[in-house]
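Reading through the structure tokens given below for one structure.
There are 2 protein chains.
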Amino acid sequence: MKIITTKAELQELTLSLKQQKTIGFVPTMGYLHEGHRALLKEARKENDILILSVFVNPLQFGPNEDLESYPRDIEQDKLTAKNEGVDYLFMPSTEEMYPSTPSVTVHVQKRADVLCGRTRPGHFDGVATVLTKLFHLVQPDNVYFGKKDAQQVAVVDGLIKDFHFPITLHAVQTVREEDGLAKSSRNVKLSPEERQEAGILYQTLSMAREELIKGNHDIRAITDSLRKRLETITSGKVDYLEILTYPELQEPIHWEGTLIIAVAVRFTNARLIDNIIFDLHEMVIGKGASTCSEQ
Amino acid sequence: MKIITTKAELQELTLSLKQQKTIGFVPTMGYLHEGHRALLKEARKENDILILSVFVNPLQFGPNEDLESYPRDIEQDKLTAKNEGVDYLFMPSTEEMYPSTPSVTVHVQKRADVLCGRTRPGHFDGVATVLTKLFHLVQPDNVYFGKKDAQQVAVVDGLIKDFHFPITLHAVQTVREEDGLAKSSRNVKLSPEERQEAGILYQTLSMAREELIKGNHDIRAITDSLRKRLETITSGKVDYLEILTYPELQEPIHWEGTLIIAVAVRFTNARLIDNIIFDLHEMVIGKGASTCSEQ
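Protein sequences appear in the order of chains B and V. Just so you know, my numbering puts 1048 at position 272 of the first sequence, and the rest follows in order with no gaps. Just so you know, my numbering puts 956 at position 180 of the second sequence, and the rest follows in order with no gaps.
What follows is the structure, given as structure tokens:
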């Protein structure tokens, strides 16, 4: 595995590799866990060359967010990358990626004003901007994102399609702890008590799914009662609990196609998100097991 | 010459061409004149494949601007393209380029709030957005723009560098009529009287340059007096007459490096722009003839 820290070296390499080989790309902010490893494993299987980037992107953090305290462990990340068969690990400095204030940024017009976008203004602009830069540097044929960040997947889907990047997007199933908690770099910031409570996020999502499958379409009633339950059982504060179409992220009207149930809960030092994406039609007629499993 | 109207056909073609050949790209809004032909000739010399796009981009027109009346002559454009050795002419419909409201757009953060950007809010966002789309569809090695739209060149320079497009930008000298008027698709919208007056734009720019070369650094005095002169001699209304550093488009402080003198004048049915870009140091020490010539 080769470590690259400059844009110029990376792009020179990828432009020459691209002539002959397929390139798979996993962009991350590091502190790699099992969820990232699932992305790397899938990318490793499907591409000649596997490139991983580790870059904590300041542009996607708001002024009061956890940029400074975002967990980092570069040595461990290098080891994980090596073990997962990464060919090139791109770890640029902030100065390398943003030598001065950006001249141009990407503005996300759709799918950004709900869920996390509602309380994190500018977050998805920052995500789309750094990905546009990275996609040009890495020249990937395939990119891999985790379904845990489902809104991010929806935004990247819009970015790739609307800007006509010649890239295929792969959304990889969320990896969970035994109690259902989605793996996340931010889980280390939970207190032991909060960690015990955190399994309830996935339980809540599953309960909402059951209601929808039973034919209950009263979204307000479902989310209100589950939000109350969450805030009663845990010490967390619910940022949102929403049921939307996916990937459009709009209010369901016709009750067909794919839905997302998504939740965000604020604990003392960490804000956790999770979701279930499932095909309503397949659930109703009972053949959706593989689509719907989140395990 | 082959005419292509769909994104899918174009990108499939360019991705396969790119393996072996260099691609030169001239993006235009059509109604091609000698200025465009100069771009095509330079691109033809320097690339294996020459691609021209003709697309009047609604995203870069403001609500009160001349989108509807922007001059179009598709048959003449096809002839010009053929004569200049274009290999592929991309002429998409508006629906092909924007099947729905864009999910993502490019926002230009720098170099956009002066000159034309001041009176055309969102204009350069529209330019940068359509170029990002076209660059991915065309996969060019080299792109060609006219220096007449100097602010556009500065913005595209920022777009390519900041987003790390693997593309080289070529800025091609402005082509002028005998009286100095810069060739432009909008010149046909001048009345005969306005056309007679319009040569004064270039004369004005040249006079400003003379003042700067003489060592006069009082920008306010130079532009105020020349603006008055322009509005006295012509029936046009001066939108701006500015002297800035280039390509940063900031107020000159150190009086070295490259400067732009730029003007925009509103006539009855057309708003004309023009500029001179020159290296102050080379002018002062008297070896700048080739850099400074605008002919």
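Glycine residues also receive a C-beta, built at the ideal position from the N, C-alpha and C atoms.
Comparing C-alpha positions only, which one of V:Tyr874, V:Glu810, V:Leu1048 sits nearest to valine 832 of chain V? Numbered from 1 along the second sequence, position 56 holds the residue referred to as residue 832 of chain V. Residue V:Tyr874 is the option with its Cα nearest to valine 832 of chain V.
Beta-carbon gap between leucine 1017 of chain B and arginine 1003 of chain B smaller than 8 Å: Residue 1017 of chain B sits at position 241 when you count from the first residue of the first sequence. Residue 1003 of chain B sits at position 227 when you count from the first residue of the first sequence. Contact: yes.
How long is the line joining the alpha carbons of aspartate 925 of chain V and cysteine 892 of chain V, rounded to whole angstroms? Translated into the one-based positions of the second sequence, residue 925 of chain V becomes position 149. Translated into the one-based positions of the second sequence, residue 892 of chain V becomes position 116. Those two C-alpha atoms are separated by around 10 Å.
In DSSP terms, what lysine 742 of chain B is bridged to: Beyond the ends of chain B as shown, which are 777 and 1071, falls residue 742 of chain B; an answer cannot be given.
I think phenylalanine 941 of chain V touches histidine 912 of chain B, with their Cβ atoms under 8 Å apart; what is that distance to the nearest whole Å? As a first step, residue 941 of chain V must be located in the second sequence, where it is residue number 165. As a first step, residue 912 of chain B must be located in the first sequence, where it is residue number 136. Confirmed, Cβ separation roughly 6 Å.
Hey, isoleucine 825 of chain V and lysine 797 of chain V are a contact pair by Cβ (cut 8 Å); roughly how many whole angstroms apart? For this step, residue 825 of chain V is matched to residue 49 along the second sequence. For this step, residue 797 of chain V is matched to residue 21 along the second sequence. With 8 Å as the limit, isoleucine 825 of chain V and lysine 797 of chain V qualify as a contact, their Cβ atoms being about 5 Å apart.
Among the candidates B:Thr1044, B:Phe1054, B:Phe1043, whose CA atom is the shortest distance from the CA of glycine 1033 of chain B? Locating residue 1033 of chain B in the first sequence gives position 257, counting from the first residue. Of B:Thr1044, B:Phe1054, B:Phe1043, the residue nearest in Cα terms is B:Phe1054.
Drop a sphere of 10 angstroms on the beta-carbon of threonine 870 of chain V, count the other beta-carbons inside from all chains shown, and report buried for 16 or more, exposed for fewer. One-based indexing of the second sequence puts residue 870 of chain V at position 94. So threonine 870 of chain V counts as exposed.
Are the CB atoms of aspartate 889 of chain V and valine 880 of chain B nearer to each other than 8 Å? Here the question's residue 889 of chain V lines up with position 113 in the second sequence. Here the question's residue 880 of chain B lines up with position 104 in the first sequence. Cβ distance not < 8 Å, so aspartate 889 of chain V and valine 880 of chain B don't count as in contact.
Ignore the nearest five residues each way along the sequence and tell me which others in isoleucine 1037 of chain V's own chain have a CB closer than 7 Å to its CB. Along the second sequence, one-based indexing puts residue 1037 of chain V at 261. Cβ neighbours of isoleucine 1037 of chain V beyond the five flanking positions: Leu981, Ala984, Arg985, Ile1019, Asn1051, Ile1052.
When DSSP builds the beta bridges, which residues end up paired with alanine 864 of chain B? In the first sequence, the residue the question calls residue 864 of chain B occupies position 88. Here the sequence assigns tyrosine to residue 864 of chain B, which means alanine is not the residue at that position. B:Lys778, B:Ile827.
Note down the Cα distance separating serine 1011 of chain V from valine 1039 of chain V, rounded to an integer number of angstroms. For the purposes of this step, residue 1011 of chain V is identified with residue 235 of the second sequence, where counting begins at 1. For the purposes of this step, residue 1039 of chain V is identified with residue 263 of the second sequence, where counting begins at 1. If I take the Cα positions, the gap works out to 15 Å.
State the DSSP-derived secondary structure class of leucine 966 of chain B, mapped to helix, strand or coil. The sequence position of residue 966 of chain B within the first sequence is 190, counting from 1. Coil.
Would glutamine 795 of chain V count as contacting chain B if we go by Cβ distances under 8 Å? Mapped onto the second sequence, residue 795 of chain V falls at position 19. Yes, glutamine 795 of chain V counts as interfacial toward chain B.
For lysine 965 of chain V and leucine 808 of chain V, I'd like the C-alpha separation in whole angstroms. As a working mapping, residue 965 of chain V is identified with position 189 in the second sequence. As a working mapping, residue 808 of chain V is identified with position 32 in the second sequence. Lysine 965 of chain V and leucine 808 of chain V: Cα-Cα distance of roughly 15 Å.
Go ahead and label glutamine 927 of chain V buried or exposed: buried means 16 or more other beta carbons lie within 10 angstroms of its beta carbon, across all protein chains shown. The residue you call residue 927 of chain V lines up with position 151 of the second sequence. The residue is buried, with at least 16 neighbouring Cβ atoms inside 10 Å.
Using the three-state DSSP reduction, which class does proline 1023 of chain V fall into: helix, strand or coil? Start at 1 with the first residue of the second sequence, and residue 1023 of chain V comes out as number 247. Residue state, collapsed to three classes: coil.
What do you get for glutamine 972 of chain B, buried or exposed, if any count of 16 or more other CB atoms within 10 angstroms of its CB means buried? Sequence index remark: in the first sequence, residue 972 of chain B carries index 196 (1-based). It counts as exposed.
Mind listing which residues of the segment 921-935 of chain B have their C-beta closer than 7 Å to chain V's C-betas, in chain order? Gly934, Leu935
Roughly how many angstroms separate the alpha carbons of proline 897 of chain V and leucine 843 of chain V, rounded to a whole number? In the second sequence, the residue the question calls residue 897 of chain V occupies position 121. In the second sequence, the residue the question calls residue 843 of chain V occupies position 67. Cα to Cα, the separation comes out at about 15 Å.
What residues from chain V crowd round leucine 1002 of chain B, counting only those whose CB sits closer than 7 Å? Within the first sequence, numbered from 1, the residue matching residue 1002 of chain B stands at position 226. Ordered by position in chain V, no residue passes the 7 Å Cβ test against leucine 1002 of chain B, which lies about 30 Å from the chain.
Can you name the residues of chain B whose CB is closer than 9 Å to the CB of valine 890 of chain V? What you label residue 890 of chain V is simply residue 114 of the second sequence in a count that begins at 1. Ordered by position in chain B, no residue passes the 9 Å Cβ test against valine 890 of chain V, which lies about 14 Å from the chain.
Which complete beta strand (DSSP E) runs does the segment 865-918 of chain B hold, if anything under 3 residues is left out? 880-884
Assign threonine 905 of chain B to buried or exposed, taking buried as 16 or more other Cβ atoms, counted over all protein chains shown, within 10 Å of its Cβ. Within the first sequence, residue 905 of chain B is the residue found at index 129, counting from 1. Burial call: buried.
Please report the residue range of the beta strand (DSSP E) in which glycine 800 of chain B lies. Residue mapping note: residue 800 of chain B aligns to position 24 of the first sequence, counting from 1. Element bounds for glycine 800 of chain B: 799-804.
Lysine 990 of chain B and glycine 934 of chain B closer than 8 Å at C-beta: Taking the first residue of the first sequence as 1, we reach residue 990 of chain B at position 214. Taking the first residue of the first sequence as 1, we reach residue 934 of chain B at position 158. No; because the gap between Cβ atoms is not below 8 Å, this pair is not in contact.
Look at the alpha carbon of serine 1069 of chain V and the alpha carbon of glutamine 949 of chain V, and state the distance between them as a whole number of angstroms. As a first step, residue 1069 of chain V is located in the second sequence; it is residue number 293 there, counting from the start. As a first step, residue 949 of chain V is located in the second sequence; it is residue number 173 there, counting from the start. Residue confidence for serine 1069 of chain V is low, a pLDDT of 33 falling below 50, so the modelled location carries little weight; the figure read from the coordinates is stated next. Straight-line Cα distance between these residues: approximately 9 Å.
8 Å Cβ cutoff met for alanine 857 of chain V and leucine 828 of chain V: Locating residue 857 of chain V in the second sequence gives position 81, counting from the first residue. Locating residue 828 of chain V in the second sequence gives position 52, counting from the first residue. Against a cut-off of 8 Å, the Cβ pair of leucine 828 of chain V and alanine 857 of chain V comes out as a contact.
Per DSSP, the bridge partner or partners of asparagine 1051 of chain V: Against the second sequence, residue 1051 of chain V aligns to sequence position 275. Asparagine 1051 of chain V is bridged to V:Ala1038.
Neighbour flag for lysine 783 of chain B against chain V, beta carbons, 8 Å: As a working note, residue 783 of chain B is residue 7 in the first sequence. Answer yes: the Cβ-Cβ gap between lysine 783 of chain B and chain V drops below 8 Å somewhere.
Nearest residue (CA-CA) to asparagine 859 of chain V, options V:Thr1008, V:Glu841, V:Arg820, V:Tyr846: Locating residue 859 of chain V in the second sequence gives position 83, where the first residue counts as 1. Residue V:Arg820 is the option with its Cα nearest to asparagine 859 of chain V.
Would you say alanine 904 of chain B lies against chain V (beta-carbon separation less than 8 Å)? Looking up residue 904 of chain B in the first sequence gives position 128. Judged by the 8 Å Cβ criterion, alanine 904 of chain B is in contact with chain V.
Taking the straight line between their C-alpha atoms, what separation do you get for valine 929 of chain B and glutamine 836 of chain B? For the purposes of this step, residue 929 of chain B is taken as residue 153 along the first sequence, with counting starting at 1. For the purposes of this step, residue 836 of chain B is taken as residue 60 along the first sequence, with counting starting at 1. Cα to Cα, the separation comes out at about 15 Å.
Tell me the residue span of the beta strand (DSSP E) that contains threonine 944 of chain B. As a working mapping, residue 944 of chain B is identified with position 168 in the first sequence. Segment 944-948, the beta strand (DSSP E) holding threonine 944 of chain B.
With C-beta atoms as the reference, is proline 803 of chain V less than 8 Å away from leucine 910 of chain V? Within the second sequence, numbered from 1, the residue matching residue 803 of chain V stands at position 27. Within the second sequence, numbered from 1, the residue matching residue 910 of chain V stands at position 134. Contact: yes.
Using a Cβ cut-off of 7 Å, pull out every chain B residue sitting near arginine 887 of chain V, in sequence order please. The count along the second sequence starts at 1 and reaches residue 887 of chain V at position 111. Simply Ser879.
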